[in-house]
Amino acid sequence: MIRPIIVANWKMHKTIPEAVEFAKQLKKEFSEPGDVDIVIAPPFTALRPVADVLRDSPLHLSAQNMHWEEKGAYTGEVSATILVDAGCEFVIIGHSERRTLFGETDGMLNKKIHSALKSGLRPIFCIGETLEERESGITFRIIQKQIKEGLNNIISDDIRRIALAYEPIWAIGTGKTATPLQAQEVHRFIRKTIATDLEHAHASETVIIYGGSVNPENTGSLMNQPDINGALVGGASLDFESFADIIKISET
Ligand code: PGA
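Residue 14 is where the sequence shown starts when you use the numbering used here, and the numbers rise one by one after that.
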């Protein structure tokens, strides 16, 4: 049985006081370990203050991005070591906004994943097709390429520490969710690709979460699918009630 993960990706939202307040509410509401792992990914500036709130709670902290080098002259970047120092356990890598707006390629993402794992962070590796790719019938080819290149040369023991996030780009922030069956079809394909192309013996244990307009209304039907092991939530994670509802629905 895979332990599901529910991730709040706050993107470029929330000041430090707002992030701290949300984290305090979350800690109060989910003070005991439940059936899912809860992860919040605030902006960089709020990482340390939120880590201080989450200490001694079952909740986990994630960053939204990182650079692959350990240190050096990379103005504006942060490394995996810096994120661990700030209290992170997870890091989101390859979000489609990083790929499309900031030109991140699967080769760059592969370096980030290696670096994150080396520092002890658990990567949440995002993959997904555009609307054009879906309509051209090449979704599986795109997904397979992203997995093979992004996870190139990652040893089996490390694959166990990676969560994959399937986020169809056409469903992010658009209010258009993939239907549970559309999502399940791709999640199953991802699991198969991990087993066959990466020759990973434990693909049945790989955490594969869905993202793209997840909300309290569609969480239940998505989580009911056999290969969907959680959610990466953007817009609906900014509001405490709706994020708490998504967690509660995922626990049932
Ligand atoms: P959304 O974003 O829930 O607002 O669609 C998801 C994401 O980008 O991770």
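Each residue gets a CB set at the ideal place from its N, CA and C atoms; glycine is no exception.
Limits of the unbroken alpha helix (DSSP H) element including residue i
i: Pro30; result: Ile29 to Glu42
i: Ser234; result: Pro229 to Met236
i: Phe256; result: Phe253 to Glu264
i: Asp119; result: Asp119 to Lys131
i: Gly163; result: Thr152 to Gly163
i: Leu266; result: Look at the range of the chain in this structure, 14 to 265, and you will see that residue 266 is not part of it.
i: Leu114; result: Ser109 to Phe115
Under the three-state DSSP convention, the category residue i falls into
i: Val4; result: Because the chain in this structure spans residues 14 to 265, residue 4 falls outside the shown range and cannot be described.
i: Arg16; result: coil
i: His73; result: strand
i: Val91; result: coil
i: Arg174; result: coil
i: Val63; result: helix
i: Ala216; result: helix
i: Pro136; result: strand
i: Ile182; result: helix
i: Ala208; result: helix
i: Ala191; result: coil
i: Ala249; result: helix
Cβ distance (whole Å) where residue i is taken to contact residue j below 8 Å
i: Leu67; j: Ala36; result: 6 Å
i: Gly247; j: Ile185; result: 7 Å
i: Ser75; j: Lys84; result: Wrong, their Cβ atoms sit about 21 Å apart, outside the cutoff.
i: Ala244; j: Gly224; result: 6 Å
i: Ile137; j: Ala196; result: Their Cβ separation, rounded to whole angstroms, is 16 Å, which puts Ile137 and Ala196 out of contact at 8 Å.
i: Ser109; j: Ile182; result: 5 Å
i: Ile140; j: His200; result: Contact flag wrong, Cβ pair sits at about 11 Å.
i: Phe153; j: Leu134; result: Incorrect: roughly 29 Å between the Cβ atoms, too far for contact.
i: Asn231; j: Thr187; result: 13 Å between Cβ atoms; not a contact.
i: Glu162; j: Gly107; result: Incorrect: roughly 10 Å between the Cβ atoms, too far for contact.
C-alpha distance - residue i paired with residue j, whole-angstrom precision
i: Ala86; j: His80; result: 11 Å
i: Glu180; j: Asp69; result: 31 Å
i: Gln238; j: Thr88; result: 43 Å
i: Thr143; j: Lys131; result: 31 Å
i: Val57; j: Thr118; result: What sits at residue 57 in the sequence shown is Phe, not Val. Roughly 22 Å separates the two Cα atoms.
i: Leu60; j: His73; result: 11 Å
i: Lys261; j: Ile126; result: 30 Å
i: Ile18; j: Ser149; result: 31 Å
i: Asp258; j: Arg147; result: 31 Å
i: Asn228; j: Glu198; result: 20 Å
i: Pro62; j: Thr209; result: 42 Å
i: Pro55; j: Met25; result: 8 Å
i: Glu45; j: Pro71; result: 7 Å
i: Ala214; j: Gly116; result: 33 Å
i: Ile29; j: Val49; result: 26 Å
i: Cys101; j: Pro193; result: 31 Å
i: Thr265; j: Gly233; result: 9 Å
i: Glu254; j: Met14; result: 28 Å
i: Arg174; j: Glu31; result: 30 Å
i: Ile160; j: Ser263; result: 26 Å
i: Glu218; j: Ile95; result: 29 Å
Where the beta strand (DSSP E) containing residue i begins and where it ends
i: Phe103; result: Phe103 to Ile106
i: Asp50; result: Asp50 to Ala54
i: Glu243; result: Checking the sequence, you will find Gly at residue 243 rather than Glu. Gly243 to Val246 is the span of the beta strand (DSSP E), which, as asked, contains Gly243.
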